[in-house]
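For the sequence shown, the tail end lands on 318 under the UniProt record's numbering, and the numbers increase by one without skipping.
No residue lacks a Cβ here, since even glycine has one placed at the ideal position from N, Cα and C.
What you are looking at is a predicted structure, and each value in this text was computed from that prediction instead of being measured.
A quick write-up on the structure given underneath.
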Amino acid sequence: MGQRRVVYTALLGDYEDLIEQTVAEESEVDFICFTDNPDLRSTTWDIRLVTPSFPLDLVRSQRDLKIRGHESLSGYDEILYMDNSVHLRVDPTVIFESWLGTADYAVSLHSKRDRVIDEFDEVRSLRYDDPARIDEQLLHYAELYPGVIQERPYWNGLSVRRNTPEVGRMMDIWFDHVLRYSRRDQLSANVAFHLGGVKIAVVESDNNDAPTHQWPAGVNRRAHLTLASRRRSGPLLAELRRVERDLEESETLRLAALAAIEENADEFARQFADEQSLKENELEALRKRLAEAQSKSGAVETLFGSRVARTLNRILRR
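If you want it as structure tokens, here you go:
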């Protein structure tokens, strides 16, 4: 008896249009699309209606299906996952037989990125997730798995797995990281595969244009629906509390400054009075010196100094 095989995708929310897979029409492999859209129809996919794991987080709900699959897939021996934006060019049987070999999981390397750390930088610059969350994940990985973030990243738009408990545990680890850190699954894939202990078959192919597939195909993607908010990280109530606390601290500083000014007002006034008194005393002394100059020579000496006064006196006595 042959292996029971299935191809599946997961399309949640109004993110993009469903791509029809023409190779499904003559394939013996089942094609299943999990969706939360009750109005979705297809000529090549078996549409299965599901409830998102996290109704207010459709991205992670989609990743749950992508990574861990669905309970209805438990009867299959081999499973091929594909992003909806991938268009197959060959019968999936070709991929099952050429990719898996003796491995339990098969996936392509990223053809546009050399290191996992480069993918972190790209995701952050494109605002695909909260920068604070991305930075935290990278810092943790740099401390715990420094070698892994230097590896070439995987491209997870297309993957094949055997339906085994070992693979299931690896996928649980992967999804745990997607929940704990960034929702971008490619950032945690290398670490999850490193920790999973499953034999991985690595495929070298052009992610965009390969004999097996094309990506991305035209899906009328509404990318703005998945961009990370520019607001500070954290729940709205927590953010509101932060703003309130900032205002409270600002008011405290303002009152402290006013109190300091008021407390030191007498000291400031005394210093000013002392400075004024010194200037007045100096001026009075000058006035007295001028008043005491009764003679011409005395006045000259007072005005111009003793040396100049002696010179003038010699001239006047001639």
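Those residues which DSSP pairs with residue 186 across a bridge: BP columns for residue 186 are empty, so no partner.
Local Cβ density within 10 Å of residue 69, reported as buried at 16 or more and exposed below that: buried
In the DSSP assignment, what are the bridge partners of residue 160? 80 and 106
Just verifying my parser: in three-state terms, what is the DSSP assignment at residue 54? coil
Inter-residue CB distance, residue 66 and residue 172 (contact presumed, cutoff 8 Å): In fact, because the Cβ distance is near 13 Å, the residues do not count as touching under 8 Å.
For residue 3, which residues does DSSP report across the bridge? None; residue 3 has no bridge partner.
Short of 7 Å in beta carbon distance, which residues of its chain neighbour residue 328, apart from the five on each side in sequence? Order them along the chain. An answer regarding residue 328 cannot be provided, because it is not within the stretch 1 to 318 covered by the chain.
Would residue 89 count as contacting chain B if we go by Cβ distances under 8 Å? No chain B is part of this structure, which consists of one protein chain only.
So does the region 152 to 163 actually touch the region 95 to 115, counting three or more Cβ pairs closer than 8 Å? yes
Same chain, Cβ closer than 7 Å to residue 164, five either side skipped, listed in chain order: 104
Return the chain-ordered ranges of every beta strand (DSSP E) run that is complete within the region 8 to 80 and spans a minimum of 3 residues. 30 to 35 and 46 to 49
Can you name the start and end residues of the alpha helix (DSSP H) that residue 201 belongs to? From DSSP, residue 201 is part of no alpha helix (DSSP H) but of the beta strand (DSSP E) over 200 to 203.
From residue 74 to residue 248, what distance separates their C-alpha atoms? 55 Å
Burial state of residue 192 (16 or more Cβ within 10 Å): buried
Are the region 14 to 28 and the region 80 to 95 in contact at 8 Å, needing three or more beta carbon pairs? A contact exists between the region 14 to 28 and the region 80 to 95.
In whole angstroms, what is the alpha-carbon distance linking residue 169 and residue 210? About 30 Å.
If you run the structure through DSSP and keep just helix, strand and coil, what is residue 141? helix
Spatial neighbours of residue 166 within its chain, please: CB distance less than 8 Å, with the 5 preceding and 5 following residues excluded, ordered by chain position. Excluding residues within five positions, the ones whose Cβ falls inside 8 Å are 104, 196, 197 and 198.
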